[in-house]
Structures are given as structure tokens and as C-alpha cells.
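**Q** Below you will find the structure I want to go over with you.
In this note's numbering, the protein residues as written are 475 to 613.
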């Protein structure tokens with residue numbers, strides 16, 4: 475059961491990568507339609523990736539390993555315990571907030587690119603920190 479929980483945690487983690495990358499790229503494309511400057515947009519994408527690398531190193535790696543250690547320590551694990559209940563509440567609130575913000579920023583180049591950078595940085599952090607799921611030290 476522990477391995478199943480780790481797989482479910484990884485699938486949840488990677489679904490965040492896919493969703494946030496898709497959302498950020500959609501925002502960048504919409505921003506490009508407003509102001510078609512490839513160099514500026516490329517720089518903003520690089521900024522999002524760099525911020526994501528920093529987040530992965532200082533926050534997301536630790537969160538991932540901590541959750542996997544928690545899973546390993548469960549005595550009688552249940553299928554829903556691949557994350558804590560408060561994580562699911564946090565995730566739901568972030569999804570709702572992200573959808574709300576996506577609607578608010580529509581048509582505003584500075585706001586769209588800011589939100590795109592935030593979402594790309596989180597997607598990058600999730601992707602880079604996902605290596606924790608393949609760490610042998612937790613098996």
C-alpha cells in the first residue's frame with residue numbers, strides 16, 4: 475500500500491506540472507497576441523523557470539521528501555492518505571484562486587505575464603523536485 479500511495483502522490487504532483495505548464499503557456503500566448511515581442515516573452519519565460527528552480531531547491535524538494543517520509547511512516551495506510559487532508563483543502567483553494575485570477579487578468583499584458591510567470595515557476599518547481607519520487611533512500 476505504501477508504494478501505491480507514493481505513486482498517487484507522484485501522479486498528483488505531475489498533474490500539477492501539466493496543468494500549470496498548460497495554463498502558463500496559454501497566458502503567454504495570449505500576452506503575445508497583445509504585444510508580439512518574442513524577446514520580451516522569452517525573457518519572461520526564462521524568469522519563470524529560474525524562479526521555479528529556486529523554489530524547487532529551497533521549498534518543493536523538502537515538501538516532497540517530507541510527504542514521502544510521512545507515507546513511509548504510516549502504520550496502516552489508507553488509499554486517501556497519499557497527502558494530508560489539509561493539502562487537499564489547500565490544493566482546491568489554489569485551483570479556485572488560479573481560475574479566478576485567470577479571468578481577472580484577461581486582456582491585461584502585465585497581469586497576464588505576471589500570472590504566467592507565477593504558474594510557470596510553480597510548474598518548474600514541481601517538475602524539478604519530482605526527482606524525490608525516484609530516490610532510493612526512501613524505499
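Glycine included, every Cβ here is placed at the ideal spot set by N, Cα and C.
(1) In this structure, how does DSSP classify residue 477 when only helix, strand and coil are distinguished?
(2) Give me the residue from 589, 559 and 581 with the minimum Cα distance to residue 572.
(3) If you run the structure through DSSP and keep just helix, strand and coil, what is residue 565?
(4) Please confirm whether residue 480 and residue 607 have their CB atoms less than 8 Å apart.
(5) In terms of residue numbering, what span does the alpha helix (DSSP H) encompassing residue 549 cover?
(6) I'd like to know if the region 525-545 and the region 593-609 are in contact, where contact means that at least 3 CB-CB pairs between them fall below 8 Å.
(7) Between residue 595 and residue 520, which are expected to be in contact by the criterion C-beta below 8 Å, what is the C-beta distance as a whole number of angstroms?
(8) Alpha carbon to alpha carbon, how far is residue 560 from residue 533?
(9) Classify residue 487 as buried or exposed, calling it buried when 16 or more other Cβ atoms lie within 10 Å of its own Cβ.
(10) Alpha helix (DSSP H) containing residue 583: first to last residue?
(11) Whose C-beta lies closer than 6 Å to the C-beta of residue 585 among residues of the same chain, with five residues either side of it excluded?
(12) How many Å lie between residue 539 and residue 562 at the Cα?
(13) DSSP state of residue 509, grouped into three classes?
**A** On the basis of the coordinates in this document:
(1) The residue given as residue 477 occupies position 3 in the chain shown. Looking at residue 477 - three-state DSSP - the assignment turns out to be helix.
(2) Stepping through the chain shown from its first residue, residue 572 is reached at position 98. Minimum Cα distance to residue 572 is reached at 589.
(3) If you number the chain shown from 1, residue 565 lands on position 91. The three-state secondary structure of residue 565, taken from DSSP, is helix.
(4) Numbered from its first residue, the chain shown carries residue 480 at position 6. Numbered from its first residue, the chain shown carries residue 607 at position 133. Contact: yes.
(5) As a position in the chain shown, residue 549 is number 75, starting the count at 1. Note, residue 549: premise wrong, no alpha helix (DSSP H); not H, not E.
(6) Taking one beta carbon from each stretch, the region 525-545 and the region 593-609 have 3 or more pairs nearer than 8 Å; the two touch.
(7) Against the chain shown, residue 595 aligns to sequence position 121. Against the chain shown, residue 520 aligns to sequence position 46. Between the beta-carbon of residue 595 and that of residue 520 there is about 11 Å, and that puts the pair past the 8 Å contact cut.
(8) Within the chain shown, residue 560 is the residue found at index 86, counting from 1. Within the chain shown, residue 533 is the residue found at index 59, counting from 1. The alpha-carbon atoms of residue 560 and residue 533 are separated by roughly 18 Å.
(9) Locating residue 487 in the chain shown gives position 13, counting from the first residue. Burial is judged here by how many other beta carbons sit within 10 angstroms of a residue's own beta carbon; residue 487 has at least 16 and is buried.
(10) As a first step, residue 583 must be located in the chain shown, where it is residue number 109. 583-603 is the span of the alpha helix (DSSP H), which, as asked, contains residue 583.
(11) Working through the chain shown from its first residue, we reach residue 585 at position 111. Within the same chain, residue 585 has close Cβ partners 579.
(12) Taking the chain shown and counting its residues from 1, one reaches residue 539 at position 65. Taking the chain shown and counting its residues from 1, one reaches residue 562 at position 88. Distance between the alpha carbons of residue 539 and residue 562: 18 Å.
(13) Here residue 509 refers to the residue found at position 35 of the chain shown. Looking at residue 509 - three-state DSSP - the assignment turns out to be coil, as it is neither helix nor strand.
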